[in-house]
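Step one of this worksheet: look at the structure below.
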Amino acid sequence: MKNKILVVKKISLKLTLVYAFVFSLVIITLNGSVLYGVRYFLTKQAVRQVSDTSRYISTRIEELERKNVNLKNEDLLQEINPREAVYVKITDSEGKMISISPRWNKDFSFQNSSEKVLKIEKQEKHLVYKSNSIKINNKLFVLTVVKDMEYEYHFLKLLLIMVAISNVLGIIIAVLSGMFVSKKMLTPIDKITKTAQSVSIQGLNKRIEVNAADDELSRLARTFNEMIERLQKSFESQNKFVSDASHELRTPISVIQGYINLLDRWGKEDKEVLQKAINIIKNETANMTNLIEKLLFLARGDNNSLKLEKEIFDLNTLIDEVVKESSVIAPKLNIASERNDKIIIYADFRLIKQALRALVDNSIKYTQEEGEIKINSYRRLGEAEITIEDSGIGISEEEIPNLFNRFYRVDKARSKKTGGSGLGLAIVKHIIDRHCGKICIESDFGKGTKVTINLPAKV
Numbered sequence: 000m001k002n003k004i005l006v007v008k009k010i011s012l013k014l015t016l017v018y019a020f021v022f023s024l025v026i027i028t029l030n031g032s033v034l035y036g037v038r039y040f041l042t043k044q045a046v047r048q049v050s051d052t053s054r055y056i057s058t059r060i061e062e063l064e065r066k067n068v069n070l071k072n073e074d075l076l077q078e079i080n081p082r083e084a085v086y087v088k089i090t091d092s093e094g095k096m097i098s099i100s101p102r103w104n105k106d107f108s109f110q111n112s113s114e115k116v117l118k119i120e121k122q123e124k125h126l127v128y129k130s131n132s133i134k135i136n137n138k139l140f141v142l143t144v145v146k147d148m149e150y151e152y153h154f155l156k157l158l159l160i161m162v163a164i165s166n167v168l169g170i171i172i173a174v175l176s177g178m179f180v181s182k183k184m185l186t187p188i189d190k191i192t193k194t195a196q197s198v199s200i201q202g203l204n205k206r207i208e209v210n211a212a213d214d215e216l217s218r219l220a221r222t223f224n225e226m227i228e229r230l231q232k233s234f235e236s237q238n239k240f241v242s243d244a245s246h247e248l249r250t251p252i253s254v255i256q257g258y259i260n261l262l263d264r265w266g267k268e269d270k271e272v273l274q275k276a277i278n279i280i281k282n283e284t285a286n287m288t289n290l291i292e293k294l295l296f297l298a299r300g301d302n303n304s305l306k307l308e309k310e311i312f313d314l315n316t317l318i319d320e321v322v323k324e325s326s327v328i329a330p331k332l333n334i335a336s337e338r339n340d341k342i343i344i345y346a347d348f349r350l351i352k353q354a355l356r357a358l359v360d361n362s363i364k365y366t367q368e369e370g371e372i373k374i375n376s377y378r379r380l381g382e383a384e385i386t387i388e389d390s391g392i393g394i395s396e397e398e399i400p401n402l403f404n405r406f407y408r409v410d411k412a413r414s415k416k417t418g419g420s421g422l423g424l425a426i427v428k429h430i431i432d433r434h435c436g437k438i439c440i441e442s443d444f445g446k447g448t449k450v451t452i453n454l455p456a457k458v
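Quick note on numbering that gives the first Met the number 0: the sequence shown kicks off at 0 and runs consecutively.
What follows is the structure, encoded as structure tokens:
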């Protein structure tokens, strides 16, 4: 019990960890993608802003120079919004200042970047700049445009903290929800385990509660219930079989024991008693031997140790043989074959003959003198159909469904008189089933019985 509970807990832990890992991976990847996307967008925006500002001021310088306007007298930076943290410095070829933003940081130092926009990230400074030379009318100007991304990176840091918090909360939620989901998923398995542990020979009537949902666990529970039900039926059938077999064997043993006691008392002096006792003991021994052989046959069939020795043969030859042998056994009955088609089948000759002989023997036992027994065969769409029809006493309709049950007798007193054990038809049914055939019985009480067998034919 402890081992199985540990296994369930381990499975629950594995499901929780897998669920938490997958969920955490998704949320971390998603948040990381958002953070990277925002950073990429802000950087691109800053680069575009620096490029646009540099292009605008370059154009203004060209316009003013062509008009021979003194650049120092013009406010070239009036269009720049100081809130955007974009700073501009314009110098001539000698490094003299022409124009500079009020908030220009003297610590800024940049190399000529030609037409490219470059980034600087050091000492907690995040700058985007462009420094290029402008040559107009043989005059050289150096234009430097800088975008300070301090506010953007403050926003990114705040966003990073929020993302980290959401990741931690997400992982916690993933673990808790994983524990809840795995526990809920494994509850039916735990019930199945407990039910399986409680099932015993005395408790085969226990079943697992099945949910209405048609999911994998519900199907597993239903399959388990069906398995227990099959075990229960098999065990009950086995119990009944053993009980019936014991009862059947008890009768001849009791008879033999009784006559042995009779011999012990008077058999030594009375030869008539001795002979009668010996005859009855022989008869009961033969009956008991026959019963044991039938029981062993069914037992071998139940554990699949009964091997079929199949061969190809003419069915009509077998039926002719059965008709001749049966006519010798019961000469006062009219046993014949009105139609016997030539059909080749692939089957166990000995067992098929045993089945036919058993059916004919039943007809002989319950058909009065001068009665008829007809054994016919027909070819039916790839099948061989055999019919055994008699004019005997017949069987009532309510008895027919039970005829193939082991130890079942229609009339126990009559069966004992004719030497029936109630196993003959069960053996016949088993033989036909092993040959993938079918057997059915039709009977009209007081008029006769007809048995029909269908077997696969060899084309």
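The beta carbon of each residue, even a glycine, is placed where N, CA and C say it ideally should be.
Is residue i helix, strand or coil by DSSP?
i: V272; result: helix
i: K43; result: helix
i: Y377; result: strand
i: E369; result: coil
i: V17; result: helix
i: L297; result: helix
i: Y86; result: strand
i: S98; result: strand
i: L262; result: helix
i: A220; result: helix
i: G393; result: coil
i: L203; result: coil
i: F403; result: coil
i: I79; result: coil
i: N2; result: Any reading at N2 must be qualified, since the residue scores a pLDDT of 49, below 50, and its modelled position is unreliable; the value itself is stated next. Three-state DSSP puts N2 in a helix.
i: A329; result: coil
i: K306; result: coil
i: R408; result: coil
i: E320; result: helix
i: V37; result: helix
Tell me where the beta strand (DSSP E) around residue i begins and ends.
i: D389; result: E382 to D389
i: P455; result: G447 to P455
i: K66; result: Element bounds for K66: n/a, residue is neither H nor E.
i: K437; result: K437 to D443
From residue i to residue j, what distance separates their C-alpha atoms?
i: I259; j: F406; result: 28 Å
i: V322; j: S390; result: 16 Å
i: N204; j: A220; result: 15 Å
i: E398; j: I291; result: 26 Å
i: L297; j: D269; result: 42 Å
i: I342; j: A456; result: 7 Å
i: A357; j: L422; result: 10 Å
i: V167; j: M184; result: 25 Å
i: E271; j: T250; result: 24 Å
i: G177; j: L24; result: 14 Å
i: N94; j: R47; result: Correcting the residue type first, residue 94 is Gly in the shown sequence and not Asn. Those two C-alpha atoms are separated by around 27 Å.
i: V37; j: A163; result: 15 Å
i: T448; j: S336; result: 16 Å
i: R379; j: F223; result: 41 Å
i: V427; j: K232; result: 22 Å
i: H153; j: N131; result: 29 Å
i: V85; j: N136; result: 28 Å
i: L305; j: N210; result: 42 Å
i: S100; j: T15; result: 59 Å
i: P187; j: L216; result: 7 Å
i: S414; j: Y365; result: With a pLDDT of only 48 at S414, under 50, the local geometry of the prediction cannot be trusted, and the value read off the model is given with reservation. Taking the straight line joining both Cα atoms gives about 10 Å.
i: M226; j: K182; result: 26 Å
i: Y150; j: I160; result: 16 Å
i: S92; j: V141; result: 7 Å
i: Y39; j: K138; result: 38 Å
i: S376; j: M287; result: 34 Å
i: E83; j: I97; result: 22 Å
i: T451; j: E208; result: 44 Å
i: H429; j: G300; result: 7 Å
i: I79; j: Y55; result: 10 Å
i: K88; j: L117; result: 16 Å
i: S50; j: T42; result: 12 Å
In the DSSP assignment, the alpha helix (DSSP H) including residue i goes from what residue to what residue?
i: V174; result: E149 to S197
i: D432; result: G423 to R433
Under the DSSP definition of a beta bridge, which residues are partnered with residue i?
i: K146; result: V85 and V127
i: F312; result: I344
i: A335; result: K373
i: L117; result: Y128
i: F140; result: D91 and I133
Indicate, with yes or no, if the ligand HEM has a heavy atom lying under 7 Å from the CB of residue i.
i: I279; result: Of the ligands one can find in the structure shown there are none, so the ligand HEM has no counterpart to examine.
Is there a C-beta anywhere in chain B that falls below 8 Å from the one on residue i?
i: Y55; result: Annotation note: the requested chain B is absent from the structure, which comprises a single protein chain.
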